[in-house]
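Asker: Here the sequence shown stands for residues 571 to 1006, where the numbers follow this note's numbering.
Ideal Cβ positions, reconstructed from N, Cα and C, are used throughout, including at glycine.
Keep in mind that this is a model prediction, so the values were computed, not measured.
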Amino acid sequence: MNTQDLKDTNDLVSLCKRRGFIFPSSEIYGGINACWDYGPLGVELKRTIKELWWRSMTDREDIEGIDAAILMHPKVWEASGHVDGFVDPLVDCKKCKTRFRADKLEPSAKKCPECGGELTESRLFNLMFKTFMGPIEDQAAAIYLRPETAQGIYVNFINILQSARQKIPFGIAQIGKAFRNEITPGNFIFRTREFEQMEMQFFVKPGTDTEQFEKWKELRFQWHCGIGIRKNKLQFHAHGPGELAHYAKAAFDIEYEFPFGWQELEGIHNRTDFDLSRHQKFSGKKLEYFDEETKERYIPYIIETSAGCDRTALVVLSDAYRFDGERVWLALHPILAPYKVGIFPLMKKAELCEYSNRIYGELKKRFRVTTDTAGSIGKRYRRQDEIGTPFGVTIDYDTLTNHTVTLRYRDNMVQERFPAENLAYIIEEKIKNWGN
Ligand code: ATP
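In structure tokens form, the structure reads like this:
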């Protein structure tokens, strides 16, 4: 049978649960809709994704990092337009009670796509989670859980400009939680009510914004290819005039072809001077930039790159999923694999285990490794295949006499024999040259 890709997201959901990547939140209480917990392997994967993104941003001289609070002054959300404008149109089916986002249905839809029942008129629904600060639950104490991380960057623009002594163009990067009371969450971790974003806001001189926008579009596309996502499963989608957000001059989504269709993975937006102008107006504080060389004073334009971290994890897992009729494996790029090497004594015999432990100790200095002695060697390989471990090392009786081991490759199951002492170097080289 030929190798197949992921066809049904449910297959990935069950692998993730079985192997400890992702569990439904509060499962022993029956779960809570659209909230998920990352297990031992999931948290490793997610941390690696964040680390790769963070390094790709803050290793540059022209980008600084920040970690702003989730709770912000309520005026922030008035200035940003979220209090009035962060709304989705909601319709209900009168018969089966299914809820839809009207903007995701055919514009003229009057009947429920599930059961053909009559739909209600659409109502606007604000997606921000509201809560109260302090012990008194009145309107004056109402605050919001941030629905995006970007605003924490805008309100710190002057702080960072001055403390980091940056000059325009420069960027500010942030990774953090965001919350949206989504009307129709679903498709596993694609759309959840609590999620993490990886956002970078690049401040530029008006007039240079189109060029910077094009540059960031390409850089972000390349980043996804660099972590091993297949290029033919990625595409750009340009927002047409009807889709553009109120603040945006231009917007492109990077889309991935999920089993449920092409969907947004990351947005790249030319936000103009909308955000800083609004915060300047609402706060009464000057948010201008003064160019020492040209003596010009202006409010910078902002090019935003906004990716979901959980959504990137879903892309990574969906893209890596393989099935050949018998075997399931995750063809993860080794830089993302939670374990790089699995180490197995062929049998649970003292002399093999002892040798295996020595190799484990050596390789552990260089890579995240795991070992497994339970069950047949075939079963142990399959377990590692399912969690995407790219290399397997097996210690057998020949190892004891000639000090060679087998190195097994996850994707094609080919096995080669190498001297045990060269293993670390060989694996390192193979990771370095992955995909070449
Ligand atoms: P949509 O219109 O599909 O609700 P959006 O265009 O409002 O999404 P953005 O505000 O551009 O989304 O968010 C930037 C990124 O944050 C998205 O590309 C996505 O990766 C991630 N994201 C947004 N909402 C969610 C969510 N509910 N769950 C998981 N990730 C999300």
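1) Under 6 Å from any heavy atom of ligand 1, does the C-beta of Glu1009 make it?
2) According to DSSP, what are the bridge partners of Asp673?
3) For Asp813, which of Gly651, Gly837, Cys795, Leu922 has the nearest alpha-carbon?
4) For ligand 1, list every residue whose C-beta falls under 7 Å from any of its heavy atoms, going in chain order.
5) Hey, could you find the ends of the beta strand (DSSP E) Asn1011 is sitting in?
6) Around the Cβ of Trp551, are there at least 16 other Cβ atoms within 10 angstroms (buried) or fewer (exposed)?
7) Among the residues of its own chain, which have a CB less than 8 Å from the CB of Arg800, if the five just before and after it don't count?
8) Consult DSSP for Tyr817 and reduce its assignment to one of helix, strand or coil.
9) Just curious, the beta strand (DSSP E) that Val886 is in, first and last residue?
10) Specify whether the region 955-964 and the region 900-909 touch according to this definition: at least 3 beta carbon pairs, one from each stretch, less than 8 Å apart.
11) Measure the alpha-carbon distance for Asp554 versus Gln732 and round it to whole angstroms.
12) Could you please give the first and the last residue of the uninterrupted beta strand (DSSP E) stretch that includes Val583?
13) Please work out which residues of its chain come closer than 7 Å, Cβ to Cβ, to Ala712, disregarding the five sequence neighbours upstream and downstream, and give them in chain order.
14) Considering only C-alpha positions, which residue in the set Ile602, Lys577, Leu582 is nearest to Gly612?
15) Is the Cβ-Cβ distance between Asn840 and Asp779 less than 7 Å?
16) Hey, could you find the ends of the beta strand (DSSP E) His903 is sitting in?
17) Just mark Lys737 as buried or exposed, buried being the case when its beta carbon has 16 or more other beta carbons within 10 Å.
18) Could you spell out the range, first to last residue, of the beta strand (DSSP E) harbouring Arg867?
19) Assuming Pro659 and Ser692 form a contact by the criterion Cβ under 8 Å, report the distance between their Cβ atoms to the nearest whole angstrom.
20) Phe852 and Ala649 - do their beta-carbons sit closer together than 7 Å?
21) So, using beta-carbon positions, are Lys919 and Thr943 closer together than 7 Å?
22) Look at Tyr871 and Asp894 and say whether their C-beta atoms are less than 7 Å apart.
23) Does the region 582-591 touch the region 734-748, meaning 3 or more C-beta pairs lie closer than 8 Å?
24) How about Ile633 and Ala743: are their beta carbons less than 7 Å apart?
25) Residues bridged to Phe860 by DSSP?
26) Does the beta-carbon distance from Arg763 to Glu752 come in below 7 Å?
27) Quickly, what does DSSP pair Cys663 with across the bridge? List them, please.
28) Can you name the start and end residues of the beta strand (DSSP E) that Pro915 belongs to?
29) Measure the C-alpha to C-alpha separation of Phe822 and Ala604 and round it to an integer number of angstroms.
30) Under DSSP, the beta strand (DSSP E) around Gly612 begins and ends at which residues?
31) Among the residues of its own chain, which have a CB less than 6 Å from the CB of Lys787, if the five just before and after it don't count?
32) Which one or two residues does DSSP pair with Glu825 in a beta bridge?
33) Measuring CA to CA, which of Arg928, Ala994, Gln767 is closest to Asp637?
34) Please go through the same chain and pick out, in chain order, the residues whose beta-carbon is closer than 7 Å to the beta-carbon of His816, but skip the five residues on each side of it.
Answerer: In this structure, then:
1) Nothing can be reported for residue 1009: it is not among the residues displayed for the chain, which extend from 571 to 1006.
2) By one-based count along the sequence shown, residue 673 stands at place 103. Per DSSP, none; premise fails for Asp673.
3) Start at 1 with the first residue of the sequence shown, and residue 813 comes out as number 243. Correcting the residue identity first, residue 813 is Glu in this sequence and not Asp. When each option's Cα is compared against that of Glu813, the closest is Gly837.
4) Glu718, Arg750, Glu752, Pro755, Ile759, Phe760, Arg761, Thr762, Arg763, Phe765, Gln767, Asp823, Glu834, Leu835, Glu836, Gly837, Ser876, Ala877, Gly878, Asp880, Arg881
5) Nothing in the structure corresponds to residue 1011, since the chain is present only between 571 and 1006.
6) Since the first residue shown for the chain is 571 and the last is 1006, residue 551 is missing from the structure and cannot be characterised.
7) By one-based count along the sequence shown, residue 800 stands at place 230. Cβ within range, chain order: Asp889.
8) Taking the sequence shown and counting its residues from 1, the one referred to as residue 817 is at position 247. Correct three-state label for Tyr817: coil.
9) Along the sequence shown, read from residue 1 onward, the residue named residue 886 stands at position 316. From DSSP, Val886 is part of no beta strand (DSSP E) but of the alpha helix (DSSP H) over 879-890.
10) yes
11) Coverage of the chain is limited to positions 571 through 1006, which leaves residue 554 absent and any answer about it impossible.
12) Within the sequence shown, residue 583 is the residue found at index 13, counting from 1. Counting along the chain, Val583 falls outside any beta strand (DSSP E), though it belongs to the alpha helix (DSSP H) covering 579-589.
13) Along the sequence shown, one-based indexing puts residue 712 at 142. So the list reads Pro644, Lys700, Phe702, once near-sequence residues are dropped.
14) Residue 612 sits at position 42 when you count from the first residue of the sequence shown. Of Ile602, Lys577, Leu582, the residue nearest in Cα terms is Leu582.
15) On the sequence shown, position 270 is the one that residue 840 refers to. On the sequence shown, position 209 is the one that residue 779 refers to. Yes, these two residues count as a Cβ contact at 7 Å.
16) Within the sequence shown, numbered from 1, the residue matching residue 903 stands at position 333. Per DSSP, His903 belongs to no beta strand (DSSP E) and is neither H nor E.
17) One-based indexing of the sequence shown puts residue 737 at position 167. Exposed is the call here.
18) Stepping through the sequence shown from its first residue, residue 867 is reached at position 297. 866-868 is the span of the beta strand (DSSP E), which, as asked, contains Arg867.
19) Locating residue 659 in the sequence shown gives position 89, where the first residue counts as 1. Locating residue 692 in the sequence shown gives position 122, where the first residue counts as 1. The pair is a contact, with the Cβ atoms about 4 Å apart (cut-off 8 Å).
20) Locating residue 649 in the sequence shown gives position 79, counting from the first residue. Locating residue 852 in the sequence shown gives position 282, counting from the first residue. In contact: Ala649 and Phe852 (Cβ atoms closer than 7 Å).
21) Residue mapping note: residue 919 aligns to position 349 of the sequence shown, counting from 1. Residue mapping note: residue 943 aligns to position 373 of the sequence shown, counting from 1. It is not a contact, given that the beta carbons lie outside the stated cut-off.
22) Mapped onto the sequence shown, residue 871 falls at position 301. Mapped onto the sequence shown, residue 894 falls at position 324. No. Outside cutoff.
23) As far as the Cβ criterion goes, the region 734-748 does not touch the region 582-591, which means the pair count is below three.
24) Counting from one through the sequence shown, the residue named residue 633 turns up at place 63. Counting from one through the sequence shown, the residue named residue 743 turns up at place 173. Yes, the pair counts as a contact, with Cβ atoms nearer than the cut-off.
25) Your numbering for residue 860 matches position 290 in the sequence shown. Paired residue(s): Arg867.
26) Position 193 of the sequence shown, counted from the first residue, corresponds to residue 763. Position 182 of the sequence shown, counted from the first residue, corresponds to residue 752. Judged by their CB atoms, Arg763 and Glu752 are nearer to each other than the 7 Å cut-off.
27) Numbered from 1 along the sequence shown, position 93 holds the residue referred to as residue 663. According to DSSP, which records beta bridges pairwise, Cys663 is partnered with Leu689.
28) What you label residue 915 is simply residue 345 of the sequence shown in a count that begins at 1. Run containing Pro915: 911-915, per the beta strand (DSSP E) assignment.
29) On the sequence shown, residue 822 is found 252 positions in, with the first residue counted as 1. On the sequence shown, residue 604 is found 34 positions in, with the first residue counted as 1. Roughly 26 Å separates the two Cα atoms.
30) Along the sequence shown, read from residue 1 onward, the residue named residue 612 stands at position 42. Where Gly612 is concerned, there is no enclosing beta strand (DSSP E), although the alpha helix (DSSP H) it sits in stretches over 610-628.
31) Indexing the sequence shown from 1 puts residue 787 at position 217. For Lys787, where only same-chain residues beyond five positions count, the Cβ hits under 6 Å are Phe822, Ile838.
32) Position 255 of the sequence shown, counting from 1, holds the residue named residue 825. DSSP lists Gln805, Glu834 as partners of Glu825.
33) Residue mapping note: residue 637 aligns to position 67 of the sequence shown, counting from 1. Of Arg928, Ala994, Gln767, the residue nearest in Cα terms is Gln767.
34) One-based indexing of the sequence shown puts residue 816 at position 246. Once the five neighbours on either side are set aside, the close Cβ partners of His816 are Gly651, Gly655.
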